[in-house]
Amino acid sequence: MKAVSRVHITPHMHWDREWYFTTEESRILLVNNMEEILCRLEQDNEYKYYVLDGQTAILEDYFAVKPENKDRVKKQVEAGKLIIGPWYTQTDTTIVSAESIVRNLMYGMRDCLAFGEPMKIGYLPDSFGMSGQLPHIYNGFGITRTMFWRGCSERHGTDKTEFLWQSSDGSEVTAQVLPLGYAIGKYLPADENGLRKRLDSYFDVLEKASVTKEILLPNGHDQMPLQQNIFEVMDKLREIYPQRKFVMSRFEEVFEKIEAQRESLATLKGEFIDGKYMRVHRTIGSTRMDIKIAHARIENKIVNLLEPLATLAWTLGFEYHHGLLEKMWKEILKNHAHDSIGCCCSDKVHREIVARFELAEDMADNLLRFYMRKIADNMPQSDADKLVLFNLMPWPREEVINTTVRLRASQFNLRDDRGQPVPYFIRHAREIDPGLIDRQIVHYGNYDPFMEFDIQINQIVPSMGYRTLYIEANQPGNVIAAKSDAEGILENAFWQIALNEDG
1 MKAVSRVHIT
11 PHMHWDREWY
21 FTTEESRILL
31 VNNMEEILCR
41 LEQDNEYKYY
51 VLDGQTAILE
61 DYFAVKPENK
71 DRVKKQVEAG
81 KLIIGPWYTQ
91 TDTTIVSAES
101 IVRNLMYGMR
111 DCLAFGEPMK
121 IGYLPDSFGM
131 SGQLPHIYNG
141 FGITRTMFWR
151 GCSERHGTDK
161 TEFLWQSSDG
171 SEVTAQVLPL
181 GYAIGKYLPA
191 DENGLRKRLD
201 SYFDVLEKAS
211 VTKEILLPNG
221 HDQMPLQQNI
231 FEVMDKLREI
241 YPQRKFVMSR
251 FEEVFEKIEA
261 QRESLATLKG
271 EFIDGKYMRV
281 HRTIGSTRMD
291 IKIAHARIEN
301 KIVNLLEPLA
311 TLAWTLGFEY
321 HHGLLEKMWK
331 EILKNHAHDS
341 IGCCCSDKVH
351 REIVARFELA
361 EDMADNLLRF
371 YMRKIADNMP
381 QSDADKLVLF
391 NLMPWPREEV
401 INTTVRLRAS
411 QFNLRDDRGQ
421 PVPYFIRHAR
431 EIDPGLIDRQ
441 IVHYGNYDPF
451 MEFDIQINQI
461 VPSMGYRTLY
471 IEANQPGNVI
481 AAKSDAEGIL
491 ENAFWQIALN
501 EDG
């Protein structure tokens, strides 16, 4: 009798590092689960596969307390039994930036290579919707397959669970949706009544929605230990569902069957954030705005300030600190896991998320200052202090720049590298106690105060470069006088806005 469908049972666990529990709580379970997984893979040749949730942060957490098991893990990965990657963490795809998604894959796949080959599937079984540009990002890493649960329905153009998915540039992946989620095969009972109660309705849904009739029954759940009696269960399944074929598989085997019927697949485009059949939690976009704002600020600081500055410094002969940047990235990528950046966790977990962001930002701020100082200190020596303006964009910029000059003088002159005076406007000036600048100054009896000047200057700064101005203390400068205008105007090249007297 020809089988109605082939049911692929894939052992796995979904691993939320933190959620309503902390990372340390989940680590306790992880140590126990990993020992069971490794022992079963090592001792049972019939137990062919185990998917470690597509993220290498699990292994980092595990090796932090069980480093002696690296060789055991590597052996199972190399044998193709323990399936790891391609992600570093199970990222959200709609709140974080594209660059963060790229780095998540980059670090995840690189970490996999220390043990073997990564799974080349964009596996996001629980993320709350899919960005429409994921096929583009996946293709950049040689990934042509994706598997996910949330966000898709027939309103996108097909009622089938297998289709081709394209991003706006035409990049394409083969998609397999998990219409009933990643946990429908969790804790499968071994008796007929229990199995029928669980699976009769599932099979109807899965087979109706499948183009290929290759059905996925993921055997696992959140933090779930592996099911020790899975082969007993599979024997019972064959007995009560003789019209179906049951096999233990890895996800790649399912995709091979799908790709063999490529001509039968619909092509869909765009993002998947439809909550018709499953929750996509759109309101997470506005939860814990303090964390969302910190995330956006730090992500921007690393991508648009620190890394371009590090690149500029590298072209000038300084070291590009990959290790420090990786540490920053991994701290924020831990926060990009769907529950974490979604801020749908406990207050205790949110405090840990904030702490990771604070650590990453502290590192970023200090490395920014380090690179700027190294560049400035290695310029030709001058009697005048230097004011260095950096432009880290790939185009020249003419900007009104607000900055602060601190010196022991009541006036100063600004000049450029050609010796020409640079006009500036003083927004505010204040006297500073020298003890607040450097206690050693006061220690040696020098009590003369410092002055801080908040100034505005207009300068053109070259692309991915800098402009150096020189500060000549106790020299009269080209200070722009404040103008009084009865009419308040805000304007640029495109707009002119008049301010009313009432503001």
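Letter by letter, the sequence shown follows residues 1 to 503 in UniProt numbering. Note that the Cβ used here is the ideal one computed from N, Cα and C, for glycine as well. Treat the numbers as computed from the prediction; the structure is a model and nothing was measured.
Limits of the beta strand (DSSP E) - the one that residue i falls within
{"i": "residue 323", "result": "Segment 322 to 335 is the alpha helix (DSSP H) holding residue 323; no beta strand (DSSP E) there."}
{"i": "residue 460", "result": "450 to 461"}
{"i": "residue 425", "result": "425 to 432"}
{"i": "residue 385", "result": "385 to 391"}
{"i": "residue 481", "result": "Counting along the chain, residue 481 falls outside any beta strand (DSSP E), and DSSP gives it neither H nor E."}
{"i": "residue 147", "result": "145 to 148"}
{"i": "residue 490", "result": "488 to 491"}
{"i": "residue 466", "result": "465 to 473"}
{"i": "residue 55", "result": "Careful: residue 55 lies outside any beta strand (DSSP E) and carries neither H nor E."}
{"i": "residue 420", "result": "Element bounds for residue 420: n/a, residue is neither H nor E."}
{"i": "residue 496", "result": "496 to 499"}
Through-space distance from residue j to residue i, alpha-carbon basis
{"i": "residue 12", "j": "residue 351", "result": "30 Å"}
{"i": "residue 261", "j": "residue 215", "result": "15 Å"}
{"i": "residue 109", "j": "residue 49", "result": "19 Å"}
{"i": "residue 145", "j": "residue 245", "result": "24 Å"}
{"i": "residue 77", "j": "residue 66", "result": "17 Å"}
{"i": "residue 376", "j": "residue 446", "result": "27 Å"}
{"i": "residue 391", "j": "residue 459", "result": "11 Å"}
{"i": "residue 29", "j": "residue 53", "result": "15 Å"}
{"i": "residue 273", "j": "residue 64", "result": "36 Å"}
{"i": "residue 224", "j": "residue 15", "result": "9 Å"}
{"i": "residue 418", "j": "residue 474", "result": "20 Å"}
{"i": "residue 483", "j": "residue 425", "result": "11 Å"}
{"i": "residue 36", "j": "residue 103", "result": "31 Å"}
{"i": "residue 200", "j": "residue 193", "result": "10 Å"}
{"i": "residue 149", "j": "residue 8", "result": "17 Å"}
{"i": "residue 324", "j": "residue 367", "result": "8 Å"}
{"i": "residue 231", "j": "residue 356", "result": "42 Å"}
{"i": "residue 4", "j": "residue 203", "result": "10 Å"}
{"i": "residue 111", "j": "residue 158", "result": "36 Å"}
{"i": "residue 360", "j": "residue 191", "result": "51 Å"}
{"i": "residue 379", "j": "residue 251", "result": "57 Å"}
{"i": "residue 478", "j": "residue 433", "result": "27 Å"}
{"i": "residue 151", "j": "residue 208", "result": "19 Å"}
{"i": "residue 173", "j": "residue 420", "result": "58 Å"}
{"i": "residue 317", "j": "residue 464", "result": "15 Å"}
{"i": "residue 435", "j": "residue 411", "result": "21 Å"}
{"i": "residue 319", "j": "residue 278", "result": "48 Å"}
Beta-carbon proximity check, residue i vs residue j, cutoff 8 Å
{"i": "residue 336", "j": "residue 96", "result": "yes"}
{"i": "residue 99", "j": "residue 340", "result": "no"}
{"i": "residue 299", "j": "residue 353", "result": "no"}
{"i": "residue 414", "j": "residue 371", "result": "no"}
{"i": "residue 437", "j": "residue 450", "result": "yes"}
{"i": "residue 91", "j": "residue 101", "result": "yes"}
{"i": "residue 287", "j": "residue 386", "result": "no"}
{"i": "residue 116", "j": "residue 134", "result": "no"}
{"i": "residue 427", "j": "residue 455", "result": "yes"}
{"i": "residue 211", "j": "residue 276", "result": "no"}
{"i": "residue 258", "j": "residue 218", "result": "no"}
{"i": "residue 349", "j": "residue 22", "result": "yes"}
{"i": "residue 471", "j": "residue 407", "result": "yes"}
{"i": "residue 293", "j": "residue 343", "result": "no"}
{"i": "residue 127", "j": "residue 338", "result": "yes"}
{"i": "residue 107", "j": "residue 314", "result": "no"}
{"i": "residue 461", "j": "residue 397", "result": "yes"}
{"i": "residue 170", "j": "residue 119", "result": "no"}
{"i": "residue 389", "j": "residue 466", "result": "yes"}
{"i": "residue 504", "j": "residue 6", "result": "In this structure the chain extends from 1 to 503, so residue 504 is not present and cannot be described."}
Start-to-end residues for the alpha helix (DSSP H) that takes in residue i
{"i": "residue 371", "result": "347 to 377"}
{"i": "residue 27", "result": "23 to 43"}
{"i": "residue 234", "result": "230 to 240"}
{"i": "residue 410", "result": "No alpha helix (DSSP H) holds residue 410; DSSP gives it neither H nor E."}
{"i": "residue 8", "result": "Note, residue 8: premise wrong, no alpha helix (DSSP H); beta strand (DSSP E) at 5 to 11."}
{"i": "residue 311", "result": "307 to 315"}
{"i": "residue 192", "result": "192 to 209"}
{"i": "residue 339", "result": "338 to 342"}
Touching by the beta-carbon criterion (3+ pairs, under 8 Å), the stretch 267 to 282 and the stretch 155 to 169
yes
Can you find at least 3 beta carbon pairs, one from the stretch 488 to 496 and one from the stretch 397 to 404, that sit closer than 8 Å?
no
Which complete beta strand (DSSP E) runs does the stretch 211 to 293 hold, if anything under 3 residues is left out?
214 to 219, 244 to 248 and 266 to 269
Going residue by residue through the stretch 57 to 142, where are the continuous alpha helix (DSSP H) segments of at least 4 residues, counting only ones entirely within it?
57 to 63, 70 to 78, 98 to 112 and 134 to 140
Determine, using beta-carbon pairs with one atom in the stretch 237 to 251 and one in the stretch 126 to 141, whether at least three such pairs fall under 8 Å.
no
Can you check the stretch 150 to 182 for any beta strand (DSSP E) of at least 3 residues that lies completely inside it and give the ranges in chain order?
162 to 166 and 172 to 177
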